[in-house]
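The sequence shown begins at 162 in the numbering used here and counts up one residue at a time.
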Amino acid sequence: MITSGYSALAGFIGVLQFVAGAAAIGVGVRNVLLGRVDQADAADRLESSTYLAALLAYLLLGLSLASWIVLYLMLDSFVPQWPGAMCIYGVTLIGEGSRGVYGWLPKLVVLLQFLKPVLVFAIGAALVLYRSYRLQGTRVLLPRIALLLLMAGIVASLDAATELAYVSIPKREDMPNSGCCSVSAIGPGTPMTLGPQEQQQLSIAYYVCQLVIVTMLWRQARQPGRPAAWSLLALSLAAIVTLWVSMRFLVDVASPILLHLPYHRCLYDLVQKVPESGLAIGLLLWGTFCVGWTCVLAWLGRQTTPADEVGRDQRACERRPTNSDVDDSVGNALRGVPGQADGFSPAPTTERHGVRSLQSEEAFFPEVLAAELRGWPAYALVGYLGSFVMISLELWLA
Numbered sequence: 162m163i164t165s166g167y168s169a170l171a172g173f174i175g176v177l178q179f180v181a182g183a184a185a186i187g188v189g190v191r192n193v194l195l196g197r198v199d200q201a202d203a204a205d206r207l208e209s210s211t212y213l214a215a216l217l218a219y220l221l222l223g224l225s226l227a228s229w230i231v232l233y234l235m236l237d238s239f240v241p242q243w244p245g246a247m248c249i250y251g252v253t254l255i256g257e258g259s260r261g262v263y264g265w266l267p268k269l270v271v272l273l274q275f276l277k278p279v280l281v282f283a284i285g286a287a288l289v290l291y292r293s294y295r296l297q298g299t300r301v302l303l304p305r306i307a308l309l310l311l312m313a314g315i316v317a318s319l320d321a322a323t324e325l326a327y328v329s330i331p332k333r334e335d336m337p338n339s340g341c342c343s344v345s346a347i348g349p350g351t352p353m354t355l356g357p358q359e360q361q362q363l364s365i366a367y368y369v370c371q372l373v374i375v376t377m378l379w380r381q382a383r384q385p386g387r388p389a390a391w392s393l394l395a396l397s398l399a400a401i402v403t404l405w406v407s408m409r410f411l412v413d414v415a416s417p418i419l420l421h422l423p424y425h426r427c428l429y430d431l432v433q434k435v436p437e438s439g440l441a442i443g444l445l446l447w448g449t450f451c452v453g454w455t456c457v458l459a460w461l462g463r464q465t466t467p468a469d470e471v472g473r474d475q476r477a478c479e480r481r482p483t484n485s486d487v488d489d490s491v492g493n494a495l496r497g498v499p500g501q502a503d504g505f506s507p508a509p510t511t512e513r514h515g516v517r518s519l520q521s522e523e524a525f526f527p528e529v530l531a532a533e534l535r536g537w538p539a540y541a542l543v544g545y546l547g548s549f550v551m552i553s554l555e556l557w558l559a
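Right, dumping it as structure tokens:
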């Protein structure tokens, strides 16, 4: 059976991630149920429990990033032990065409490579909304944070269970169908490389997509106020198209050039033999995630009306009239003081348990949300520009 030290490390991280994910699911379910109770004490308990959920989210984020890296280190450690495997791609074919649990290995690898980025994005979306809550101090966001953290816990548990299953299934020393990027690995009838004309078209599409997404992010980062729904939709679609075109460009155009192998296109080999390309891909994913987090924040971080804060927070904070209030109101009425005849008007700006008053909320919320919606596109802009510059320099130096 083929194994390595990274297999044990991946299994250990998987166990920790599964336990943390199960805990996040339990806390998330509790918070979601508390968010449906319209009582002041339930709101206090939800706020206190959200801090614990945020700590679990930070722990899951660290474990998910470590698990993502260790997965490829584990697959890379299998390459010298597997006959005929030239790179990680050959290892991903282990078990292909076999029966029983052994035949699940290729599907588990594909599922893991899909769940890892989804998990990082889900945890990041929850933490971005939690950061917005800490800046705003409004409890309206707490049920939404609880729902996102619950979803992140479910994905974390599923990812950990999948990785533990992959590690535990024995890998027999059988020859895979193909060691690396052959025609049989890509699919029957698929050409090994694109022609010069197709490569030129793909290169033009790559640079056009980079120019479009950078321009849109630059405008979004400088736009005052809340962005329009159509602009966020266009930005998200542009990010998805840019990611797809960029990955195709790296595989079909950059890989043969940087590896100095005209008939070899393999993203795994590219990251192994040109480590700078791995950093460029990481920056590309960071920019894509930041665009997605901007859309999540604009959708879930908004507050439709100031009346959203009315309810348990107002009932917990509002002041009941006393005998002294009645005496003061009568005295004010006799003296003709305007605006003080009722004596029951609350203070214009107050804070209690980190919750801002309704008067201050109207002015504070849009300003903070607008600043956040300008900040994350700026972070995405840094990621896209960094990825573009690194890939362009590598191609120029090659």
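We treat Cβ as the ideally placed atom computed from N, Cα and C, and that holds for glycine. Only a predicted model underlies this, so the values are computations on that prediction, with no experimental measurement involved.
May I ask which residues mark the beginning and end of the alpha helix (DSSP H) holding residue i?
| i | result |
| --- | --- |
| K277 | L266 to Q297 |
| A246 | First-last for A246: undefined, no H or E at that position. |
| C456 | P436 to L461 |
| P304 | L303 to S329 |
| R191 | G166 to G196 |
| V412 | Run containing V412: none; DSSP gives neither H nor E here. |
For residue i, does the count of other Cβ atoms within 10 angstroms reach 16, so buried, or fall short, so exposed?
| i | result |
| --- | --- |
| D430 | buried |
| R197 | exposed |
| Q381 | buried |
| D320 | buried |
| W454 | buried |
| T323 | buried |
| L221 | buried |
| K277 | buried |
| L173 | Leu is not the amino acid found at residue 173; the sequence shown has Phe there. So F173 counts as exposed. |
| R295 | exposed |
| W537 | buried |
| G166 | exposed |
| W447 | buried |
| P417 | buried |
| Y153 | For residue 153 there is no data in the structure shown, the boundaries of the chain being 162 and 559. |
| D424 | Looking at the sequence itself, residue 424 is Tyr, so the reference to Asp does not match. So Y424 ends up on the exposed side. |
| V271 | exposed |
| K332 | buried |
| L378 | buried |
| I401 | exposed |
Helix or strand or just coil, what does DSSP make of residue i?
| i | result |
| --- | --- |
| S364 | helix |
| R300 | helix |
| P423 | coil |
| E257 | coil |
| Q384 | coil |
| G547 | helix |
| G356 | coil |
| A559 | coil |
| A389 | coil |
| E512 | Below a pLDDT of 50, predicted positions are generally treated as unreliable, and E512, at 45, falls in that range; no measurement from the model is reported. |
| D486 | Note that D486 has pLDDT 47, beneath the 50 cutoff, so the model's placement of it is unreliable and the number below is only indicative. Correct three-state label for D486: helix. |
| L554 | helix |
Open item on the list: Tell me whether the segment 260-276 and the segment 178-190 touch, counting them as touching only if at least three CB pairs, one residue from each stretch, are closer than 8 Å.
Closed with: Taking 8 Å as the limit for Cβ pairs, the verdict is that the segment 178-190 does not touch the segment 260-276.
Open item on the list: Using 8 Å as the cut-off, can you tell me whether the segment 205-220 makes contact with the segment 275-292, which would need three or more C-beta pairs spanning the two stretches below that distance?
Closed with: Yes, the segment 205-220 touches the segment 275-292.
Open item on the list: Count Cβ pairs between the segment 174-183 and the segment 234-246 that sit closer than 8 Å; are there 3 or more?
Closed with: Segments in contact, no.
Task: Stretch-stretch touch, CB-based, cutoff 8 Å, three pairs: the segment 304-323 with the segment 365-383 - done: No, they do not touch.
Open item on the list: Check whether the segment 424-442 and the segment 527-538 are in contact - that is, three or more C-beta pairs closer than 8 Å.
Closed with: Touching, no.
TODO: For the segment 404-411 and the segment 375-392, state whether three or more C-beta atom pairs, one from each stretch, are separated by less than 8 Å.
DONE: No, because fewer than three Cβ pairs between the segment 404-411 and the segment 375-392 fall closer than 8 Å, the two stretches do not touch.
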